[in-house]
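According to this note's numbering, the stretch in the sequence shown is residues 1 to 401, in order. All residues carry an ideal CB built from backbone N, CA and C; glycine is no exception.
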Amino acid sequence: MALKNFFKFGKKKKKEEEIEETKETEKNEKIKKNIENKENKENDKEEKTKKGNEISEKNKKNKKLENEKKSEENKNEKGKEEKEKKEEKIEKTKKKPKLKPLKDRLATPKKGFFSKLKEMFLGKTIDDELYEELEELLIQSDIGMDMTMEIVADLEKQVDKKRLKASQDVYEELKELLKSKLVYNTEENTKLDIQDGKLNIILVVGVNGVGKTTSIGKIAKKLKDKGKKVIIGAGDTFRAAAIEQIEEWGKRTGVEVVKQSHGSDPAAVIFDTVKTAKNRNFDVAILDTAGRLHNKRDLMKELEKINKIIKEQSGNDKFETLLVIDSTTGQNGLEQAKIFNEIVDLTGIILTKFDGTAKGGIIFPITNELKKPIKFIGVGEGIEDLRKFDSKEFVEAIFSD
């Protein structure tokens with residue numbers, strides 16, 4: 001009986017252990033499942049984060065590509081606009097615009113100096129006070145002290161000699177005196193010396209900012225329109241902008257340009273240009289030069305070297321050397337002209353921006369003191385506004401009502 005009870009108890013104990021073991025297994029399974037679920041959730045989260053990052057990265061990449069595309073489109077559009085503007089500019093250059101009367105282009109100086117000059121004499125008594133007023137006006141109008149004293153002294157002599165009493169008569173006498181100061185500007189002297197059947201050289205000098213490269217481009221166009229084969233040498237190598245401007249004028253006018261890199265030896269450009277012009281039978285070579293005036297000695301050496309190269313390569317001892325002067329600089333322009341006249345053998349002057357000065361008196365001393373003719377006068381931005389100087393036409397235009 002006792003043994004039977006023992007086995008019964010053992011069986012019960014074993015069953016309890018099995019139940020306990022099953023519970024433990026279920027518990028472990030549950031924990032394992034919870035861990036797996038947690039891991040799955042974390043994996044899902046990581047996957048979602050990864051996917052989100054991928055989408056974000058993709059969106060960024062697409063946006064970048066879209067911006068690059070827009071930038072390229074804008075660039076192309078801008079380039080197209082610039083090209084159209086350049087083509088329009090070239091087309092305008094090819095067309096010969098209608099030439100406006102010179103007096104219309106001289107409105108500013110006429111309203112300034114020349115108008116004041118006429119007003120000053122209206123109804124005035126001819127006395128010392130009038131001559132003093134005249135002196136002051138002439139000096140203020142860039143005629144300069146020396147020429148002012150000379151003009152006033154000559155005027156007084158003529159008034160006494162001719163016994164002039166009316167202020168209008170004195171004004172007419174003054175006009176004649178001013179005209180006489182343009183004596184070097186005969187029709188023959190103001191022409192460019194261009195001969196058929198040979199290479200003609202035009203050396204252009206002047207300080208920076210006076211309109212040198214623009215004048216070169218306009219002269220090139222004028223000569224090409226006359227059937228001349230023209231080449232330009234971009235000899236102002238110290239300014240990158242000067243080389244670019246010459247190139248632009250070359251494109252606008254269809255004229256060949258010889259150049260070298262910024263900072264190279266100007267004399268080398270002159271050598272290449274003249275040699276090319278000679279070998280390929282060009283009619284005219286227009287040569288730009290550096291416009292530095294801060295060191296007279298260096299400028300002298302440089303221009304002497306250039307002159308020597310021109311003579312050796314072209315075989316010409318004589319050629320045009322034109323000085324470009326900005327009319328608005330007044331007496332400073334005259335001082336520049338004197339310095340250049342000492343250094344090189346000037347054959348003429350290009351007086352630019354004359355339409356922009358309210359003074360205008362500079363035209364008288366610059367030609368009279370240097371004893372050089374004015375070849376061209378600039379009275380506007382258009383190509384045709386760089387005009388061959390005609391002293392008779394100028395005097396009629398400037399003193400007309």
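Asked, Found
"Option nearest K301 by Cα separation, candidates L322, E342, L287 and K118", "E342"
"Helix, strand or coil at R252 [DSSP, three-state]", "helix"
"Cross-strand partners of V324 (DSSP beta bridge)", "I350"
"I403 vs T367 beta-carbon contact at 8 angstroms", "It is not possible to answer for residue 403, since the shown part of the chain is limited to 1 through 401."
"Host beta strand (DSSP E) of I374 (start-end)", "I374 to G378"
"Three-way DSSP call (helix, strand, coil) for N67 in this model", "helix"
"Inter-residue Cα distance where the pair is K222 and E176", "32 angstroms"
"Residue ranges of each alpha helix (DSSP H) within the stretch 130-186, 4 or longer", "145-162 and 167-180"
"Buried versus exposed call for D283 [16 or more other C-beta atoms within 10 Å across all chains shown]", "buried"
"Identity of the residue in D225, V255, Y184 and K226 nearest G233 by Cα", "V255"
"Contact the stretch 191-199 vs the stretch 233-247: 3+ CB pairs below 8 angstroms", "no"
"Cβ pair count under 8 angstroms reaching 3, the stretch 198-214 against the stretch 314-321", "yes"
"Residue closest to L334, alpha-carbon to alpha-carbon, out of T347, G361, A277 and V379", "G361"
"Three-state secondary structure assigned by DSSP to R105", "helix"
"Euclidean distance between Cα positions of D127 and L174", "15 angstroms"
"Where E91 falls, given that 16 or more other Cβ within 10 Å makes a residue buried", "Note on E91: pLDDT 49, under 50, position unreliable in the model; no value is reported."
"Straight-line Cα distance separating M147 from G291", "28 angstroms"
"Run of the alpha helix (DSSP H) containing V210, from where it starts to where it stops", "Run containing V210: none; DSSP gives neither H nor E here."
"Reference A240; option with closest CA among S261, I231 and K63", "S261"
"Local conformation of R297 per DSSP, three classes", "helix"
"Inter-residue spacing [alpha-carbon to alpha-carbon] between G330 and L65", "57 angstroms"
"Reference R387, options N67, D317, T25 and R105, closest by Cα", "R105"
"C-alpha distance - E312 paired with V257, whole-angstrom precision", "21 angstroms"
"Same chain, Cβ closer than 7 angstroms to K278, neighbours up to 5 away in sequence not counted", "L199, Q313 and S314"
"Where D390 falls: helix, strand or coil (DSSP)", "coil"
"Per-residue burial, V183 [other beta carbons within 10 Å of its own, 16 or more giving buried]", "exposed"
"L303 - DSSP class collapsed to helix/strand/coil", "helix"
"Nearest residue (CA-CA) to P365, options Q336, L287 and E129", "Q336"
"Cα-Cα separation, M145 to E384", "34 angstroms"
"Beta-carbon proximity list for L303, same chain, < 8 angstroms, skipping 5 on both sides", "V205, T289, I343 and V344"
"Nearest-angstrom Cα separation, counted from T213 out to E381", "13 angstroms"
"For E133 and M120, believed in contact at Cβ under 8 angstroms, the rounded distance", "6 angstroms"
"Range covered by the alpha helix (DSSP H) that runs through R344", "In the sequence on display, residue 344 carries Val and not Arg. V344 -> no alpha helix (DSSP H), and no H or E assigned at all."
"L122 - containing alpha helix (DSSP H), residue span", "Careful: L122 lies outside any alpha helix (DSSP H) and carries neither H nor E."
"P101 classed as buried or exposed, judged by whether at least 16 other C-beta atoms fall within 10 angstroms", "exposed"
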